[in-house]
Structure formats: structure tokens, C-alpha cells
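Notes follow the structure.
In UniProt numbering, the protein residues as written are 1 to 168.
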């Protein structure tokens, strides 16, 4: 529920995917949530208003760029920054509800941090979203051959628009 209705376009640390962000409820003074007024994606920055943006903000920006590039605009996207055991990031997809939660590892060990490539991690998670429908169908016992063929065709059509034609 929006508490503040404050237009935060240009808020330090946020890169708008397609519209202005509105500040929503959080846990008081330390955590703020923002929702895009155009597409509805939600960002849990994990930042207080006095902290500078970090890798999470960059990750979110890159993920949204790839989401748009891949034509995956029908999803409600949530971003969370939290501790993940052995991953730089991961994605949870509810295909039926078209809801996605993209999680970014907030507590990498010092030895892992130099190997985190934010751009590549965001692209990697967006590719999981691109393959999500096909992967989801493959896990369902009741998926039909027609379901899988339809999901495959959808993916092929998306890839056709992304991969340039070879020069003749």
C-alpha cells in the first residue's frame, strides 16, 4: 500500500525502468520500497535515504534492460536484496500468476565479491525468465506435447527478433 505518494524520479540510487517511482511502506528508517508508476515493478533497495546506491541498483537496472530487450513485459517484477547461500543472484518465477521475484545476494564473502559481474548476473537471470515458461512446463507431469511445442515456438519467435540476420 502506498503511504507517501511521493514522486521520487531522480531519487539517488534508483534507476527508473520506465517511469517515476513512488515511495511505499518500509520498516521505518532503514528500508524503503519503491514502485514504478508505469509498469508496477517494485524495488526493495535496502538503502536508507542517506546511503549511496550500490551494486543492487545497478543489477536491477541491467535486469530491466534485458527484460525489455527480450520482450518479457507481461510480468510483475519484484526485486529483493538478501542473503543467498551460494549464488550471486537468483530468480523465482510464478508463471501462472506472471509474477517474478529477482533476488540479489547482499552478503557475498570478501573472496567472492571480486568475481561478481553485475551486468552478466542480471543478463543470466533475465535469460532464466526468458526460458521460464518452457522450464516450468518441463517440470509439470501433466504438460502436453502441444504445451511444450507452443512454449518452444514462443521462445524461437523472441530469439528471431533478438538475433540479427546474417549478411547475404
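Note that beta-carbon positions come from the ideal geometry of N, C-alpha and C, so glycine has one too.
Nothing here was measured: the structure is a model prediction, and the numbers come from that model.
Practice item. Just list the alpha helix (DSSP H) runs in the region 93-156, keeping only unbroken ones of 4 residues or longer that don't cross its boundaries, in chain order. Key: Within the region 93-156, the complete alpha helix (DSSP H) runs of at least 4 residues are 118-139.
Review point. Of the residues 101, 123, 90, 86, which one's Cα is nearest the Cα of residue 186?
Key: In this structure the chain extends from 1 to 168, so residue 186 is not present and cannot be described.
Check your understanding: Looking at C-beta atoms only, is the number of pairs between the region 55-69 and the region 115-122 that lie closer than 8 Å three or more?
Key -> Contact check between the region 55-69 and the region 115-122: three or more CB pairs, one atom from each, fall below 8 Å, which counts as touching.
Point to revise | Residue span of the beta strand (DSSP E) that contains residue 78, given as start and end | key: By 1-based counting over the chain shown, the position of residue 78 is 78. Where residue 78 is concerned, the enclosing beta strand (DSSP E) stretches over 76-82.
Exercise for review: Examine the Cβ distances between the region 66-85 and the region 94-113 and report whether three or more of them are shorter than 8 Å.
Suggested key: With the rule of 3 Cβ pairs closer than 8 Å, the region 66-85 counts as touching the region 94-113.
**Study point:** Residue nearest to residue 96 in terms of C-alpha spacing, selected from 165, 132, 156, 141
**Key:** Numbered from its first residue, the chain shown carries residue 96 at position 96. Ranking the options by Cα distance to residue 96, first place goes to 132.
Review point. What residue from 126, 90, 127, 152 has the CA that sits closest to residue 138's CA?
Key: Within the chain shown, residue 138 is the residue found at index 138, counting from 1. Nearest of 126, 90, 127, 152 to residue 138, Cα basis: 152.
Exercise for review: Taking only the alpha-carbon atoms, compute the straight-line gap between residue 130 and residue 111 and give it to the nearest angstrom.
Suggested key: As a working note, residue 130 is residue 130 in the chain shown. As a working note, residue 111 is residue 111 in the chain shown. Residue 130 and residue 111 have their C-alpha atoms some 31 Å from each other.
Exercise for review: Would you give the residue range spanned by the alpha helix (DSSP H) that residue 59 belongs to?
Suggested key: Stepping through the chain shown from its first residue, residue 59 is reached at position 59. For residue 59, the enclosing alpha helix (DSSP H) stretches over residues 55-69.
Check your understanding: By Cβ distance below 6 Å, which residues in the same chain neighbour residue 88 in space, the five residues on each side in sequence not counted?
Key -> In the chain shown, residue 88 corresponds to position 88, counting from 1. Closer than 6 Å at the Cβ level, and outside the excluded window around residue 88, lie 105, 116, 121.
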